[in-house]
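Have a look at the structure below, then the notes.
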Amino acid sequence: MEASSPAGLGATDPQLQHFIEVETQKQRFQQLVHQMTELCWEKCMDKPGPKLDSRAETCFVNCVERFIDTSQFILNRLEQTQKSKSAFSESLSD
Amino acid sequence: MEGGFGSEFGAAGGKLDPGLIMEQVKVQIAVANAQELLQRMTDKCFRKCIGKPGSSLDNSEQKCIAMCMDRYMDAWNTVSRAYNSRLQRERANM
Numbered sequence: 018m019e020a021s022s023p024a025g026l027g028a029t030d031p032q033l034q035h036f037i038e039v040e041t042q043k044q045r046f047q048q049l050v051h052q053m054t055e056l057c058w059e060k061c062m063d064k065p066g067p068k069l070d071s072r073a074e075t076c077f078v079n080c081v082e083r084f085i086d087t088s089q090f091i092l093n094r095l096e097q098t099q100k101s102k103s104a105f106s107e108s109l110s111d
Numbered sequence: 093m094e095g096g097f098g099s100e101f102g103a104a105g106g107k108l109d110p111g112l113i114m115e116q117v118k119v120q121i122a123v124a125n126a127q128e129l130l131q132r133m134t135d136k137c138f139r140k141c142i143g144k145p146g147s148s149l150d151n152s153e154q155k156c157i158a159m160c161m162d163r164y165m166d167a168w169n170t171v172s173r174a175y176n177s178r179l180q181r182e183r184a185n186m
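What follows is the structure, encoded as structure tokens:
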């Protein structure tokens, strides 16, 4: 997992290179949190109340877990299909 | 709108200052994340709270939006925590 270094900034400076890698990772995390919050909001929220009740909270946690499961399931299944159709494996891998 | 990349971007007298670049990148990332949150929150709370757009944002709509904002933040934090603990668990299982 290597971060691209725009304009070759990081390539010259290991400290900067490390910074870019860490920030890229953090940003991937943040981006997925934004995305899952939006998605799970639709599934778990009907009318916003004075506090997030425990039922909604459980729903959000399950929603995150199942979203990641879904993503992993799809990835695994695609990998399985590719093994039998090795012609596609090169164009789709990474 | 913004200073050109390289002219004001951590470059003093043509020399790049990694520390300054990192600071500025951090600020820009924070701004981008805030905008992302704001945009998604506005979208979600508009949908929840404005049934039929009237001639003004009435009192009950304002109350709903305020509540919705707080719940969206709760949801964001819940999702962030759930995702984080999932990552920790998967790391421990590797």
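If you read the protein sequences in the order shown, they are chains A and B. Using my numbering, the letters of the first sequence correspond one by one to residues 18 to 111. Using my numbering, the letters of the second sequence correspond one by one to residues 93 to 186. Even for Gly, the Cβ is constructed at its ideal location relative to N, Cα and C. Just so we're clear, the structure is a prediction, and the values are computed from it rather than from any experiment.
Quiz item: For P145 (chain B) and chain A, any beta-carbon pair shorter than 8 Å?
Solution: no
Exercise. Let me know if V81 (chain A) comes out buried or exposed under the rule of 16 or more other beta-carbons within 10 Å of its beta-carbon.
Key: buried
Quiz item: Cα-Cα, which of A:M53, A:F84, A:I91 is closest to M165 (chain B)?
Solution: A:M53
Quiz item: Roughly how many angstroms separate the alpha carbons of Q97 (chain A) and G66 (chain A), rounded to a whole number?
Solution: 45 Å
Exercise. Enumerate in chain order the residues of its own chain whose CB-to-CB distance from M161 (chain B) is below 8 Å, with the five nearest sequence positions on each side excluded.
Key: M133, C137
Quiz prompt | Alpha-carbon to alpha-carbon, I113 (chain B) and S99 (chain B) | solution = Bear in mind that a pLDDT of 48 at S99 (chain B), under 50, signals an unreliable position, so the number given afterwards is only what the model happens to contain. Rounded to whole angstroms, S99 (chain B) to I113 (chain B) spans 12 Å at the Cα level.
Quiz item: From V78 (chain A) to K64 (chain A), what does the alpha carbon distance come to, in whole angstroms?
Solution: 18 Å
Quiz item: Which residues mark the beginning and the end of the alpha helix (DSSP H) in which L33 (chain A) is found?
Solution: 31 to 61
Quiz prompt | Option nearest I157 (chain B) by Cα separation, candidates B:L130, B:K140, B:A122 | solution = B:K140
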